[in-house]
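Notes follow once the structure below has been shown.
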């Protein structure tokens, strides 16, 4: 259903009689609901939020910026509420309004992201510190939403996103190395694109010569594929909703922590047996472990640890973002020995300094280094959040597929 | 920022010590905010909406279904409001809650779509009448988000969506015909995917042998590309917002009806001079007008009329959905004569029986038929809406690239 201004435009064009139209075009008023400027981002990083809610009794805005994460809006003229943040550091944020207890997206902002089971409004404060994941006028890669068979998971097909570097289609003889990039618990195949800004990071760093042109495969790593249903391409929402009893939520019910079967696990197995072969027969991939990398964050970091340790020689480059390993467990230690023997090029581990996974990540790094893996560790300020993981993709990605490696 | 249940999962996996975990996994509670089942879709098509809003004074739900489009919710226990629709005909709908005057997406439903300048919650009632655009277990094509240069529009790059049929990657020697599929005013390159369900329609009809395997190119047809900023791949929202004065809305300011210059126009020219050559050098396209189709709805229908009439011999198959032409105008009539001489295979026109564009569409059909074009007309029940346009893609698409044509 289109809105009224669009309908006016459609009528204009559907019944085009050019001379009178040219004269009248400027006279048509903007007939859609007038939207407030929100968020308005000042040059110094201050962000003003506005919401037209004349009947509301209390309005606040909640965002994932540093410091005070909830900000009360004050009621002004005509029922417009507003508030401004202190200057925010350049980065990508998400937020929502809270209106009389109810979480509400910003109607002034159509940019949103899905994270876990909820949508949030999106906000980018530009600046040098966030330049690597800001949109720039550089050659852009394309991103495919593609379905791959998943027999290991007993599912006919699962969706993944595939980043193809800017020159992929124009150079049909060229083969590319591949990074398999895994999201965390509660995420899906869009997480690295929307929250992680992987496409912008790849575009920007490839253009600057700071990253090798590569294919990046972002599969849905939830065994039950309980997110990402229906959105544009996915299964239809009614499927699951029709099956569930009133008051229950099938989407939670199907999602159980998937435990590795020491140490393989459903998704790591599917990655290796379903996804890698599909990618290698579908895209122009360069062969061998030297051209194959895997990395993931949090749950995806644990999947990375499992997939790499249980398949020595498959991945030449391994990135563990905010996750640990089964250090000290005999079965894992045995696998680690096999991994060492396979001589991967890089075993990259990182965590935020306030990250819930910091100690375990540091322990994994120490053990990997001690066993003789080419391990490196990066700690940056921050918690278990995308602020940290975007930086990790920049650092890890820039090291991949280089002769000098680490 | 991940939510608490995801954090629990991440911790579990980051610190994996398998034996104790296996025993404990079942004991971890679902710690995220419990969500209500909404929308709940019964087998007979009744849809129950629920919203937890203990402080609200009035809650309704507004959707684009037939009949009473606004439905009051009643307050039940624990501040949960609910209401059920009568049985809805199988189809894809969108809706939002209205809470004390404020438009609110359904927090129980992460499926949303952007149409024009707003987001809506999405709802699919399955059933035979909507089977063509429901998700099915058939081979799926992939959808690329791709950037193409747009010198005609003086823009370095513009985004479009490209549907590649299921066997595209697996059959690297095969070439495919191409349909250029244009959205309406207020839409963007995602409209045909989210609102039009083009990928599901193509998947389903190709699998059933009812549609020829084809590439479908869905460009952003707003000259100013004023929508679709930032979402996953687009420019950063702050760009426009930082440039605009407080209280104004740059997104409206840049969007002006683009008038054809009798009869070419910016976007139709860009389609022909920027997009078609880009597609033909980027993808494995089959050559010639017999393998090139163009169709569009409303504004995109007008663009289709203009692009086809001003470029006779370029498109062999033409689909005008809910739009008319400049019937009777001498310049257009001259172009129409040239189009007739180029002998396209199909000139398909359609409108809903309550469509604001019905009379003009019928006039265009009559004129095209009268001039000797292989014209066909389809009228279905409905207005100027996606309910009609999804059906048009099914009917028009099934005729394309067939020896029998119309």
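Protein chains in written order, with the working numbering: chain B, 669 to 1074; chain P, 669 to 1074. No residue lacks a Cβ here, since even glycine has one placed at the ideal position from N, Cα and C.
Heavy atom of the ligand ZN within 6 Å of residue i beta-carbon
i	result
residue 832 (chain B)	As far as ligands go, the structure on display features none, and thus does not contain the ligand ZN.
Nearest-angstrom beta carbon gap, residue j and residue i [assumed within contact, 8 Å]
i	j	result
residue 785 (chain P)	residue 748 (chain B)	At roughly 18 Å, the Cβ-Cβ gap does not stay under 8 Å, so residue 785 (chain P) and residue 748 (chain B) are not in contact.
residue 947 (chain P)	residue 885 (chain P)	5 Å
residue 1041 (chain B)	residue 1015 (chain B)	4 Å
residue 626 (chain B)	residue 1017 (chain B)	Any answer about residue 626 (chain B) is impossible in this case: the structure gives chain B only from 669 up to 1074.
residue 984 (chain P)	residue 960 (chain P)	6 Å
residue 990 (chain P)	residue 1029 (chain P)	6 Å
residue 857 (chain B)	residue 817 (chain B)	15 Å between Cβ atoms; not a contact.
residue 1039 (chain B)	residue 1008 (chain B)	5 Å
residue 1051 (chain B)	residue 1020 (chain B)	5 Å
residue 934 (chain P)	residue 820 (chain P)	7 Å
residue 1054 (chain P)	residue 863 (chain P)	5 Å
residue 772 (chain P)	residue 772 (chain B)	5 Å
residue 1070 (chain B)	residue 880 (chain B)	7 Å
residue 798 (chain P)	residue 755 (chain P)	Going by Cβ atoms, the distance from residue 798 (chain P) to residue 755 (chain P) rounds to 13 Å, so no, they are not a contact pair.
residue 952 (chain P)	residue 842 (chain P)	7 Å
residue 790 (chain P)	residue 780 (chain P)	6 Å
residue 995 (chain B)	residue 1032 (chain B)	6 Å
residue 958 (chain B)	residue 878 (chain B)	Contact flag wrong, Cβ pair sits at about 20 Å.
First and last residue of the uninterrupted beta strand (DSSP E) at residue i
i	result
residue 887 (chain B)	883-887
Opening and closing residue of the alpha helix (DSSP H) in which residue i lies
i	result
residue 778 (chain P)	Neither: residue 778 (chain P) is in no alpha helix (DSSP H) and is coded neither H nor E.
residue 950 (chain B)	944-950
residue 939 (chain B)	Looking at the DSSP string, residue 939 (chain B) is not in any alpha helix (DSSP H), and its letter there is neither H nor E.
residue 1063 (chain B)	1054-1067
*Where in the stretch 702-760 of chain P do unbroken runs of the beta strand (DSSP E), each at least 3 residues long, occur, reported from the N-terminal end onward?*
715-720, 727-731, 738-740, 748-752
_Going residue by residue through the stretch 790-872 of chain B, where are the continuous beta strand (DSSP E) segments of at least 3 residues, counting only ones entirely within it?_
810-818, 823-832, 846-850
_Interface residues of the stretch 846-860 of chain P facing chain B [CB-CB below 9 Å]_ = Result list: 852, 853, 854, 855, 858.
*Complete beta strand (DSSP E) runs within the stretch 960-1045 of chain P (minimum length 3 residues, chain order)*: 960-965, 985-989, 1014-1020
*Check whether the stretch 866-885 of chain P touches the stretch 803-811 of chain P, counting contact only when three or more Cβ pairs, one atom from each stretch, lie closer than 8 Å.*
yes
_Quick check: the stretch 816-835 of chain P against the stretch 946-962 of chain B, are at least 3 beta-carbon pairs closer than 8 Å?_
no
_Given 8 Å, three or more beta-carbon pairs between the stretch 707-722 of chain P and the stretch 734-752 of chain P_ = yes
*Under 7 Å (Cβ pairs) to chain B, residues found in the stretch 803-825 of chain P*: 803, 805, 808, 810, 811, 812, 813, 814, 815, 824, 825
*Check each residue of the stretch 956-969 of chain P: if its Cβ is closer than 8 Å to any Cβ of chain B, include it; give the result in chain order.*
966, 967, 969
*Relative to chain B, which residues along the stretch 769-785 of chain P have a C-beta separation below 9 Å, given in chain order?*
769, 770, 771, 772, 773, 775, 776, 777, 778, 779, 780, 781, 782, 783, 784, 785
*Is the stretch 949-968 of chain P touching the stretch 850-869 of chain P, taking contact as three or more C-beta pairs under 8 Å?*
yes
*Of the residues that make up the stretch 717-749 of chain B, which ones have a beta carbon closer than 7 Å to any beta carbon in chain P?*
721, 722, 723, 724, 732
*Using a Cβ-Cβ cut-off of less than 8 Å, list which residues of the stretch 1026-1052 of chain B approach chain P; keep chain order.*
1028, 1029, 1052
*Three or more C-beta pairs below 8 Å linking the stretch 757-767 of chain B and the stretch 834-848 of chain B*: no
*Sufficient close CB pairs (3 or more, under 8 Å) joining the stretch 793-804 of chain B to the stretch 705-715 of chain B*: yes
*asked:* Can you pull out the residues from the stretch 939-953 of chain P whose beta carbon lies closer than 9 Å to at least one beta carbon of chain B?
replied: 949, 950, 951
*asked:* Please list, in chain order, the residues of the stretch 860-887 of chain B that have any C-beta partner in chain P closer than 8 Å.
replied: 861, 862, 867, 868
*Mind checking the stretch 1053-1065 of chain B against chain P and listing, in chain order, the residues whose C-beta falls within less than 9 Å of any C-beta there?*
Cβ contacts with chain P come from 1053, 1054, 1055.
*Residues of the stretch 974-986 of chain B with a CB closer than 9 Å to any CB of chain P: list them in chain order, please.*
974
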